[in-house]
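*Asks:* Every letter in the first sequence is one number past the one before it in my numbering, and letter 81, counting from 1, is 81.
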Amino acid sequence: MGKESVGISVSKKEDFSEWYTQVVLKAKLADYAPVKGLIVLRPDGYSIWESLKSTFDKKFSQNGIRNGFLPVLIPESLLGKEQKHFAGFNPEVFWVTHSGENEVGDRLALRPTSETLAYTLYSKWIKSWRDLPLKINFWNTALRAEIKATKPFLRTSEFLWQEGHTVHTTEEEAKEEVLKILEIYKNTVEEELAIPVITGKKSEKEKFVGAVYTTTMESIMPDGKALQMGTSHFLGQNFSKPFEVKFADKDNIEHFAWQTSWGVSWRLIGAMIMVHGDDQGLVLPPKVAPTQIVIVPIYNNDEDKKRILDKAGEIKQDLESKQIRIHIDDRKEMSPGFKFNDWEMKGVPLRIEIGPKDMDKQKILIAKRYNKEKTNLGFDEISKIEEILEEIQSKMLEKAREQARLNTVDITDYKEFKEKISIGGFFNAPWCGNQECEEKIKEETGADIRVIPFDKEDNTKNCIYCNEKSISIPIFARGY
RNA sequence: GGGAUCGUCGUCUAGCUUGGUAUGAUACUAGUCUGGGGGACUAGUGGUCGCAGGUUCAAAUCCUGCCGGUCCCA
1 MGKESVGISV
11 SKKEDFSEWY
21 TQVVLKAKLA
31 DYAPVKGLIV
41 LRPDGYSIWE
51 SLKSTFDKKF
61 SQNGIRNGFL
71 PVLIPESLLG
81 KEQKHFAGFN
91 PEVFWVTHSG
101 ENEVGDRLAL
111 RPTSETLAYT
121 LYSKWIKSWR
131 DLPLKINFWN
141 TALRAEIKAT
151 KPFLRTSEFL
161 WQEGHTVHTT
171 EEEAKEEVLK
181 ILEIYKNTVE
191 EELAIPVITG
201 KKSEKEKFVG
211 AVYTTTMESI
221 MPDGKALQMG
231 TSHFLGQNFS
241 KPFEVKFADK
251 DNIEHFAWQT
261 SWGVSWRLIG
271 AMIMVHGDDQ
281 GLVLPPKVAP
291 TQIVIVPIYN
301 NDEDKKRILD
311 KAGEIKQDLE
321 SKQIRIHIDD
331 RKEMSPGFKF
341 NDWEMKGVPL
351 RIEIGPKDMD
361 KQKILIAKRY
371 NKEKTNLGFD
381 EISKIEEILE
391 EIQSKMLEKA
401 REQARLNTVD
411 ITDYKEFKEK
421 ISIGGFFNAP
431 WCGNQECEEK
441 IKEETGADIR
451 VIPFDKEDNT
461 KNCIYCNEKS
471 ISIPIFARGY
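#1: Do the CB positions of alanine 271 and proline 349 come within less than 8 Å of each other?
#2: Would you kindly report the start and end of the unbroken alpha helix (DSSP H) that includes aspartate 278?
#3: Note down, in chain order, each residue of its chain lying with its Cβ closer than 6 Å to the Cβ of threonine 291, except the 5 sequence neighbours on either side.
#4: When burial is assigned at 16 or more other CB atoms within 10 Å of the CB, is glycine 7 buried or exposed?
#5: Put valine 409 into one of helix, strand or coil per three-state DSSP.
#6: Which ranges would you report for the beta strand (DSSP E) in the segment 343-383 if only whole runs of at least 3 residues count?
#7: Got a sec, what are the start and stop residues for the beta strand (DSSP E) glutamate 254 sits in?
#8: Would you check if there are 3 or more beta carbon pairs closer than 8 Å linking the segment 150-170 to the segment 203-214?
#9: Where do the N-terminal and C-terminal ends of the beta strand (DSSP E) with serine 232 fall, by residue?
#10: Please tell me whether threonine 408 and asparagine 428 are closer than 8 Å, where the distance is taken between their beta carbons.
#11: Looking only at C-alpha atoms, which of Phe16, Asn371 and Asp380 sits nearest to leucine 389?
#12: Hey, could you find the ends of the alpha helix (DSSP H) phenylalanine 60 is sitting in?
#13: For asparagine 300, which of helix, strand or coil comes out of DSSP?
#14: Can you name the start and end residues of the alpha helix (DSSP H) that tryptophan 161 belongs to?
#15: What's the C-alpha gap between leucine 154 and glutamate 314?
#16: Kindly indicate the opening and closing residues of the beta strand (DSSP E) around glutamate 103.
#17: Opposite tyrosine 32 in the DSSP bridges: which residues?
#18: Do tryptophan 258 and phenylalanine 159 come within 8 Å of each other at the CB atom, strictly closer than that value?
#19: Hey, how far is the Cα of threonine 156 from the Cα of isoleucine 147?
#20: Which term fits glycine 68, buried or exposed, when burial requires 16 or more other beta carbons within 10 angstroms of its beta carbon?
#21: Decide if isoleucine 464 is buried, meaning its Cβ has at least 16 other Cβ atoms within 10 Å, or exposed.
#22: Indicate whether the contact test is met: 3 or more Cβ pairs, each with one atom in the segment 180-197 and one in the segment 50-67, closer than 8 Å.
#23: Should glutamine 162 go down as buried or exposed, given a rule of 16 or more other Cβ atoms within 10 Å for buried?
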């Protein structure tokens with residue numbers, strides 16, 4: 001036994017979990033850290049994160065949100081200020097109990113999230129309606145000790161994310177902000193990562209601890225499980241009261257402010273791997289691919305080598321001038337076949353091959369990663385490549401949409417629901433709004449309410465569990 | 001919380017029953033040939049055998065404790 005295979009050794013279909021881990025490691029996105037539950041990002045993985053970060057930053061900025069920085073340690077006394085919030089996070093908090101040899105008096109939490117810390121500061125900064133709205137985003141990491149099995153990007157004890165915290169004078173304005181952010185999340189994930197999402201509200205049971213309500217975007221993964229891709233919370237005055245985030249309004253009366261918080265994490269990268277990857281490895285959407293095009297030159301004598309590398313260099317320069325990220329793989333020690341497989345495993349969206357035969361015909365061969373299609377392109381048609389990348393991006397989203405559609409079913413019969421749930425998928429099932437039904441369904445099927453889509457308020461149906469009148473048609477699924 | 005099982009070059013592993021200089025593959029380095037889908041040959045580098053004790057002339061191997069991983073059950 002024990003021959004280490006170079007490529008992915010299991011199929012996505014047969015052993016999804018093992019497949020996923022192999023792709024992450026072999027595409028060199030991340031590696032395991034020496035501490036259980038923690039991972040290390042390698043340059044290709046971090047580059048994808050940076051790309052998402054820059055897109056979000058642009059959109060946040062257009063929405064009047066600026067970036068700040070918060071420290072990682074939060075005193076227990078602060079974290080415990082909002083009771084429900086604390087109770088929700090407490091089981092998975094890492095605590096710092098010593099500084100050097102000395103025990104610290106008030107234990108320090110490694111932030112599981114920063115609401116309590118941010119709002120302590122906000123209460124100092126906000127005095128008047130003129131100070132509002134206050135909109136700050138923080139790029140950092142959060143730490144939550146994971147007891148269950150961990151998985152790179154999907155469930156780790158420390159994760160990269162952004163957390164935004166805004167403060168408003170009115171309830172309406174805060175609620176609007178919640179939706180604006182959710183829309184930014186949705187269009188970024190769909191346009192950049194080519195993953196379709198469904199937006200809506202979380203049920204009371206599943207909402208963020210401390211929020212009035214939570215809006216969410218959910219996606220369906222190829223194994224039929226749901227993945228929460230990002231959340232945007234309306235906090236109401238639940239935090240502004242204990243933390244005294246108050247302002248004097250135009251009426252000269254002090255009011256508690258209205259707040260929101262929202263975040264997405266590197267889970268998005270995990271989703272991208274799962275949705276687009278195949279048995280050869282990673283498949284990257286062009287927009288976030290660290291390398292969008294790789295040129296593999298093919299030659300067997302010095303004369304060919306020179307003219308081919310010259311041509312490759314020329315193409316590279318041409319495309320680089322259009323901001324395309326392109327790499328020439330001139331490694332001598334590897335055969336072309338090895339390189340093809342290598343770059344496919346790493347998910348590079350487009351490969352260009354140039355060999356002696358192509359030189360003679362004044363053509364190059366291009367191979368698309370996402371559908372393995374190979375075509376020829378004349379030397380005079382290089383400028384088309386820009387469009388080809390755009391086309392790949394939109395086709396990948398289309399393909400993912402189709403996949404999601406196939407995995408979504410309307411269902412009204414509980415018996416049928418129970419049978420089908422093990423196959424996985426999104427189930428549109430009417431619900432009476434009663435938490436007991438929700439809990440029973442979770443208990444009996446393992447599925448919970450992932451999201452109540454915004455357009456699925458519906459009182460014409462009957463609850464799939466208790467048969468009482470429905471209030472909505474949520475999406476039920478088993479989740480990550 | 002209960003149970004099972006495993007820790008040996010970067011990685012995967014043989015050796016353990018019956019104690020005696022740690023095996024092979026892969027990866028890595030160098031060279032030659034090769035080159036349109038995971039190439040071939042030759043040579044070389046690399047391991048305090050998870051940690052700490054104990055038994056013994058001698059421990060990867062036997063014993064004890066600890067640490068860590070994985071899986072199953074609650």
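Every residue, glycine too, gets a C-beta built ideally from N, C-alpha and C.
*Replies:* The short version:
#1: no
#2: It is not in any alpha helix (DSSP H) - aspartate 278 carries neither H nor E in the DSSP assignment.
#3: Arg325, His327 and Val348
#4: exposed
#5: strand
#6: 350-354, 363-368 and 374-378
#7: 254-256
#8: no
#9: 226-236
#10: yes
#11: Asn371
#12: 43-62
#13: coil
#14: First-last for tryptophan 161: 158-168, but that is the beta strand (DSSP E), not the alpha helix (DSSP H).
#15: 41 Å
#16: 102-110
#17: Ile39
#18: no
#19: 10 Å
#20: exposed
#21: buried
#22: yes
#23: buried
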